[in-house]
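Note that the working numbering has the sequence shown beginning at 1, numbered continuously upward. Note that beta-carbon positions come from the ideal geometry of N, C-alpha and C, so glycine has one too. What you are looking at is a predicted structure, and each value in this text was computed from that prediction instead of being measured. Reading through the structure tokens given below for one structure.
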Amino acid sequence: MPTENFYKLESAKRQKIIDAMKKEFSRVPFHEASINRIVEEAGISKGSFWVYFKSKEEAIEYLIEAHLEKERKKSKEIFLRNKGDLFQSYLEIYDYLAKSKINKMEKALRANIFKNLITNEEKCLHQTPEDNIIETVKNVVNTSNLDILDDNDLIDLMKILNYMMRMNLLDVISKKVTPEHAKARFVREIEILKKGVSKEKEGRK
Numbered sequence: 001m002p003t004e005n006f007y008k009l010e011s012a013k014r015q016k017i018i019d020a021m022k023k024e025f026s027r028v029p030f031h032e033a034s035i036n037r038i039v040e041e042a043g044i045s046k047g048s049f050w051v052y053f054k055s056k057e058e059a060i061e062y063l064i065e066a067h068l069e070k071e072r073k074k075s076k077e078i079f080l081r082n083k084g085d086l087f088q089s090y091l092e093i094y095d096y097l098a099k100s101k102i103n104k105m106e107k108a109l110r111a112n113i114f115k116n117l118i119t120n121e122e123k124c125l126h127q128t129p130e131d132n133i134i135e136t137v138k139n140v141v142n143t144s145n146l147d148i149l150d151d152n153d154l155i156d157l158m159k160i161l162n163y164m165m166r167m168n169l170l171d172v173i174s175k176k177v178t179p180e181h182a183k184a185r186f187v188r189e190i191e192i193l194k195k196g197v198s199k200e201k202e203g204r205k
């Protein structure tokens, strides 16, 4: 995360650096991003950048964390409104993310963030981002109608839902499928999870 020096900057200068990072990290995959481009766009020296961030990974982490914080707050709000209904809440979180009005650069940045959340290729986060989100809402999930044994089952189930949600959203951003197709597929995937696919029932052979 940024150093204290970054937060001590006047807001306009800090925002200019954030905007420069967003522009560069939306242009290419994170590992290909250029610090030289960021400092040139922000109008600061490279030395100043290293005063604010100890590494490129810290800058990436800052942008991802800012994105996740908005998502965490909205997710908890949705779960509380739905009285902890896991599947209905994920459908609404999907709609919230899919319908957010963002410009072309923000869309490209979100795609790179989603790719990172799915693969965590950059290895820049201190904890896995999905665990971070799950930790925010798992205590408000209504488990009374879920066939799970413990918190580990719930966390694994939510990881599956997170992965399916992000893959469908990423396919829309990448224009591999239409928004309607991706939403229908996510609904179908949730239905499969809800009913299960094994024919074996307890007490039957």
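Report the residue from the options whose alpha carbon sits nearest the alpha carbon of residue i.
i, options, result
"Arg72", "Asn168, Lys176, Ile134, Arg166", "Ile134"
"Leu86", "Tyr96, Ile18, Asn103, Lys138", "Lys138"
"Asn116", "Leu146, Val51, Ser26, Asn145", "Ser26"
"Phe231", "Leu170, Thr143, Lys195", "Nothing in the structure corresponds to residue 231, since the chain is present only between 1 and 205."
"Val140", "Leu154, Pro179, Gly196", "Leu154"
"Lys76", "Thr136, Lys99, Asn112, Met105", "Thr136"
"Leu68", "Ile190, Leu97, Lys13", "Leu97"
"Arg37", "Tyr52, Asp19, Arg110, Val51", "Asp19"
"Ile160", "Lys176, Tyr90, Glu32", "Tyr90"
"Glu92", "Met165, Lys199, His181", "Met165"
"Val28", "Val177, Ala108, Gly196, Ile118", "Ala108"
"Thr3", "Ser48, Val39, Glu24", "Ser48"
My output table needs one value for residue i: the three-state DSSP class, helix, strand or coil.
i, result
"Ala12", "helix"
"Ser89", "helix"
"Gly84", "coil"
"Lys123", "Its pLDDT being 44, under 50, Lys123 is placed unreliably by the model, and nothing is read from it."
"Gly196", "coil"
"Thr136", "helix"
"Ile190", "helix"
"Met21", "helix"
"Thr128", "Note on Thr128: pLDDT 48, under 50, position unreliable in the model; the coordinate value appears next. Coil, per DSSP."
Round the Cβ separation of residue i and residue j to the nearest angstrom and send it over; I've been treating them as touching at under 8 Å.
i, j, result
"Tyr94", "Phe6", "Not quite, the Cβ-Cβ distance comes to about 33 Å (not below 8 Å), so this is no contact."
"Ile17", "Ala42", "5 Å"
"Asn112", "Phe30", "6 Å"
"Glu58", "Met105", "Not really, about 21 Å apart at Cβ, beyond 8 Å."
"Lys22", "Ile35", "The pair is not a contact, with the Cβ atoms about 14 Å apart (cut-off 8 Å)."
If you scan the segment 138-188 from start to end, which runs of the alpha helix (DSSP H) of 4 or more residues do you find wholly inside it?
151-173
Whole alpha helix (DSSP H) elements within the segment 29-113, 4-residue minimum:
35-42, 46-52, 56-81, 86-99
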